[in-house]
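Peer 1:
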Amino acid sequence: MPEIDYTRYYRFDELVAALEAFAAEYPQLISLQSIGKSYEGRDLWLATLTNDATGTPREKPAFWVDANIHASEVTGAMAGLHLIDTLLKGYGNDPECTRLLDRTTFYILPRFNPDGAERALTTPYVVRSSVRPYPYAERVDGLYQEDINNDGIILQMRLVDPNGDWRVSEHDPRVMVKRKPYEIGGTYYRILPEGLIQNYDGVNIKLSRSIEGLDINRNFPIDWRPEAEQYGAGPYPTSEPEIRAVVQFIVDHPEIHSGLTYHTYSGVLLRPYGDRADDQMNIHDLDVFKALGKRGTEITGWPSVSVYHDFRYHPKDVITGVFDDWVYDHLGMFAWTVEFWDLVGSAGIKDRKFIEWFKEHPEEDDLKIMQWVDEHGEGLCFYDWTPFEHPQLGAVEIGGWHPMFAFRNPPPAKLLETIAPVTQFALEHAAIAPFTTISSFEAESLVDNVYRLQAVVQNEGYLPSYGSQKGRERKATLPLEALLKLPEGASLKLGQAKTTIGDLEGRSGRVSFFGFSNGSTTDRAKVEWVVHVPNSGVLELTVQGGRGGIARAKLEL
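The opening residue of the sequence shown carries number 1 in the UniProt record's numbering; numbering runs sequentially from there.
#1: Pick helix, strand or coil for His-314, following the three-state DSSP scheme.
#2: Quick check on DSSP: helix, strand or coil for Glu-20?
#3: The alpha helix (DSSP H) spanning Gly-471 covers which residue range?
#4: Do Leu-343 and Val-175 have their CB atoms nearer than 9 Å?
#5: Would the region 41-48 count as touching the region 151-162 if we require 3 or more Cβ pairs under 8 Å?
#6: Just curious, the alpha helix (DSSP H) that Leu-415 is in, first and last residue?
#7: What's the gap between the Cα of Leu-196 and the Cα of Asp-279?
#8: Would His-82 and Thr-521 qualify as a contact pair, given that the criterion is a beta-carbon distance under 9 Å?
#9: Within its chain, find whatever has a CB closer than 6 Å to the CB of Pro-57; leave out the 5 residues flanking it on each side and keep chain order.
#10: Quick one: what does DSSP say Thr-499 is sitting in, helix, strand or coil?
#11: For Asp-365, which of Asp-374, Lys-353, Leu-494 and Ile-349 has the nearest alpha-carbon?
#12: Taking DSSP as the reference, what is the three-state secondary structure of Trp-341?
#13: Three Cβ pairs or more, each shorter than 8 Å: is that satisfied between the region 62-81 and the region 107-120?
#14: Look at the Cβ atom of Glu-339, then the Cβ atom of Leu-270, and state whether they are nearer than 9 Å.
#15: Tell me where the alpha helix (DSSP H) around Tyr-466 begins and ends.
#16: Is it right to say Tyr-308 is buried, meaning 16 or more other beta carbons lie within 10 angstroms of its own, or is it exposed?
#17: Buried or exposed, going by whether 16 or more other CB atoms sit within 10 Å of the CB of Phe-358?
#18: Note down, in chain order, each residue of its chain lying with its Cβ closer than 7 Å to the Cβ of Trp-224, except the 5 sequence neighbours on either side.
#19: Just to confirm my understanding: we take Gly-471, look at its own chain, exclude 5 residues before and 5 after, and list those with CB closer than 8 Å. What are they?
#20: Using only the alpha-carbon positions, how far apart do Phe-425 and Glu-375 sit?
#21: Closer than 6 Å by C-beta to Ala-335: which residues in its own chain qualify, once you throw out the five before and the five after it? Chain order, please.
#22: Just list the alpha helix (DSSP H) runs in the region 338-418, keeping only unbroken ones of 4 residues or longer that don't cross its boundaries, in chain order.
#23: Over the uninterrupted alpha helix (DSSP H) stretch that includes Glu-96, give me the two end residues.
#24: Would you kindly work out how many angstroms separate the C-alpha atoms of Pro-124 and Arg-218, rounded to a whole number?
#25: Taking 8 Å as the threshold, find out whether the region 447-463 comes into contact with the region 527-538 through three or more Cβ pairs.
#26: Going residue by residue through the region 39-80, where are the continuous beta strand (DSSP E) segments of at least 3 residues, counting only ones entirely within it?
#27: Taking the Cβ atom as the reference point for each residue, do Leu-427 and Pro-487 lie within a distance shorter than 9 Å?
#28: Please classify Arg-132 as buried or exposed, where buried requires at least 16 other C-beta atoms within 10 Å of its C-beta.
#29: Need the endpoints of the beta strand (DSSP E) that Arg-452 sits in, please.
#30: Taking 9 Å as the threshold (C-beta atoms), are Thr-86 and Pro-412 in contact?
#31: I'd like the ranges of any alpha helix (DSSP H) spanning at least 4 consecutive residues and lying wholly in the region 173-208.
#32: I believe Ser-129 touches Ile-216 by the beta-carbon criterion, under 8 Å. Please report the beta-carbon distance rounded to the nearest angstrom.
#33: Under three-state DSSP, which class holds Ile-108?
#34: For the beta strand (DSSP E) containing Val-168, list its first residue and its last residue.
#35: Among Ile-108, Arg-103, Asp-102 and Asp-161, which has the Cα closest to the Cα of Met-78?
#36: For Ile-438, which of helix, strand or coil comes out of DSSP?
Here you go:
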């Protein structure tokens, strides 16, 4: 039985080997396919999970999960493996996993960006996402990151400068404290990334933009903006092969009703939109998002917030071209960005604004974080400031936070406890799917081999058959239709072989307050035919459309 080591982060070959081992052990529950190639030619391996004995993947409502679109955010890939591991080993042992795999399909892409993740896991260099040079093929002048002391990690440099912005904390020499506006007369430091300066003139130090300047989570085809307006969005929407492959797959699979995209960091559940306020979202969809977020918070302990209202990098700017905005606004999927890992919160600093905290916070917060690291970090988070003779700047000290295992990802010893709650959130989120059933299919004999047929079609799920109000508005799915197949020699006397049923509501649409509820049966529909069946035979009924899967029933006369 495949066993995943949750005390470390898997490289690409290890991750693929784990997926292949799962597929070999559970061939009836999981299959693998490459949905495309990365910039450097690695396969984008997608795992499809469902019980084949209860129907093919395309015949069931589906849930999407992707991870590691950003290079260094490798926690997500391990969380993707954990979700797969939990479902497969839970089938037949855990009622929730069994029911889900019998009724639902999971599409899981544990490593969206294999090139960037491999760079992050095997070299000192950390890029934002894709390793493709962009927007320029060559590095521009300035300070670029480099492991100048050859210790295998790129940290920070601090150098004494009377006009520096930082001073050493009086309480902990590792902590750097922001210099007050009125503060003079002390020893101050300038802090820079560890690296070298291309074409240094001996005076001016400017930061050279990373030659790998893409952020492929700005490359999705919604409200895309060019480089001059949004950093790293690429030359045009879906210009990057990884994005193109995922967009094509999701568009080709309208059975997907919801999904999660796994990122780091901050310990928060983010929902659309990133570029507009809640009052511009359909109110019914907003209610669903809030209900899901409330449950997500109960499970993970992390707050659930709107990106626009609570997770903006700048109060006057927004982000566009991102995954969850695209799948919700264009396709009507209920999608979330999960930001794993919260070093700040782990140290007990809970009541804060996520982005604003990094811009300004009290020294006491840094001291709390250092104390937590000393007690729990196992030496992987912070490196003491160590003197080094820089070939261009002279005497500097190199140290600071580990680029991978401090703020971006949990230390390996904390990995499993970080990802396990989100797996439970994913399972419960997947369970909200619409689910089309044929609750009855009956015949009443009229005269001389003529029968009245009646079928009742039901949506047993929480979501409506069309998924979301935005999906309905966008006409992202077809309405439900009933297809009646007659045995040889039989004929229709009344009704049509192909009957449009329309949409069926789910439990999410039933408004209730103070004990009053709208309990109308908008979740079911009745279809009738009159048929002549001169000889015995089997009638077959298929109901398809929407996002609730395909339902089938047979009736022998």
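Quick reminder that beta carbons are idealized off the backbone N, C-alpha and C, glycines included.
Peer 2: So, from the listed chains and residues:
#1: coil
#2: helix
#3: 469-473
#4: no
#5: no
#6: 415-430
#7: 48 Å
#8: no
#9: Thr-48, Thr-50 and Thr-105
#10: strand
#11: Ile-349
#12: coil
#13: yes
#14: yes
#15: That residue, Tyr-466, is in no alpha helix (DSSP H); it is neither H nor E in DSSP.
#16: buried
#17: exposed
#18: Ala-233, Pro-237, Thr-320 and Gly-321
#19: Leu-331, Gly-332, Met-333, Thr-477 and Arg-547
#20: 29 Å
#21: Gly-259, Asp-324, Val-327 and Tyr-328
#22: 343-346, 354-359 and 363-376
#23: 95-103
#24: 25 Å
#25: yes
#26: 43-49 and 62-67
#27: no
#28: buried
#29: 450-459
#30: no
#31: none
#32: 5 Å
#33: strand
#34: 166-168
#35: Ile-108
#36: strand
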